[in-house]
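Here the structure comes first, spelled out in structure tokens, and everything after it is commentary.
Structure representation (structure tokens):
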């Protein structure tokens, strides 16, 4: 049984408050299959992401850490109860290559291929598809910090 | 193709890497919105349609 305080699940009200959104928008994303979540009893919950981006030194984002809720068997990693820590470096070209590879692997017309080899800091990790979306989203979050492209003034 | 854009505290819109995966784009945008670092976050399609805004 999943309790309301289980860290895996976040109520849409809590999640929406942090993002300054209406809870109903999150429910729509869940129903559209764009956000992992489900209804439990009379409440809607968002599944906590498997991948967290942590900045040891928030003022200097040259290095960050991905904390991945996963099981690792050698270099093969799938979503699970353990924790895998991957260091991200701003000067690592593998980070952008990894994002492109993940995005290609998630293409609409491609069958899932398991696992996907991703190289961070010259070390290959084989990621199961259970982690692809969260991993890609976390990499985009890091890109936003270190490599923003100017679009225009408000 | 989806592009995530965010409005920084100094009222400048920025964008990041574009992706084909709509769930990845949406969840990345939600992550950015949840950081509290940005005034606004949105996801736009290749033709400029806004499909997400927070």
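Chains as they are written, first to last, in the working numbering: chain A, 847 to 1000; chain B, 6 to 59.
From the three backbone atoms N, C-alpha and C, an ideal C-beta is built for every residue, glycine too.
Where residue i falls, given that 16 or more other Cβ within 10 Å makes a residue buried
i	result
residue 47 of chain B	buried
residue 847 of chain A	Residue placement at residue 847 of chain A is poorly supported in this model, since its pLDDT is 34, which falls under 50; the coordinates still yield a value, given next. When all chains shown are included, residue 847 of chain A counts as exposed.
residue 26 of chain B	buried
residue 8 of chain B	buried
residue 915 of chain A	buried
residue 21 of chain B	buried
residue 24 of chain B	buried
residue 902 of chain A	exposed
residue 919 of chain A	exposed
residue 15 of chain B	exposed
residue 971 of chain A	buried
residue 878 of chain A	exposed
Contacts of residue i in chain B (Cβ-Cβ under 7 Å)
i	result
residue 973 of chain A	Per Cβ cutoff of 7 Å: no residues; residue 973 of chain A is ~13 Å from chain B at best.
residue 994 of chain A	19 and 21
residue 998 of chain A	18
residue 953 of chain A	25
residue 983 of chain A	29, 32, 33 and 36
Within chain B, the residues that residue i reaches when beta carbons sit closer than 8 Å
i	result
residue 989 of chain A	21 and 22
residue 866 of chain A	38 and 59
CB-CB length for residue i against residue j, believed under 8 Å
i	j	result
residue 951 of chain A	residue 978 of chain A	6 Å
residue 917 of chain A	residue 924 of chain A	6 Å
residue 911 of chain A	residue 934 of chain A	7 Å
Where residue i meets chain B, residues with beta-carbon distance less than 9 Å
i	result
residue 873 of chain A	Near residue 873 of chain A there are no residues of chain B at all, since even the closest Cβ is about 13 Å away, more than 9 Å.
Can you list the beta strand (DSSP E) stretches of 3 or more residues lying completely in the segment 935-991 of chain A, in chain order?
962-966 and 969-973
Relative to chain B, which residues along the segment 916-947 of chain A have a C-beta separation below 9 Å, given in chain order?
942, 945 and 946
By the 7 Å beta-carbon criterion, what residues does the segment 43-57 of chain B contribute toward chain A?
none
Going residue by residue through the segment 864-892 of chain A, where are the continuous beta strand (DSSP E) segments of at least 3 residues, counting only ones entirely within it?
883-886
With 7 Å as the C-beta to C-beta threshold (strictly closer), list the residues of the segment 12-23 of chain B near chain A in chain order.
12, 16, 17, 18, 19, 20, 21 and 22
Listed in chain order, which residues of the segment 892-904 of chain A have Cβ atoms closer than 8 Å to some Cβ of chain B?
895 and 899
Of the residues that make up the segment 881-892 of chain A, which ones have a beta carbon closer than 9 Å to any beta carbon in chain B?
881, 882 and 892
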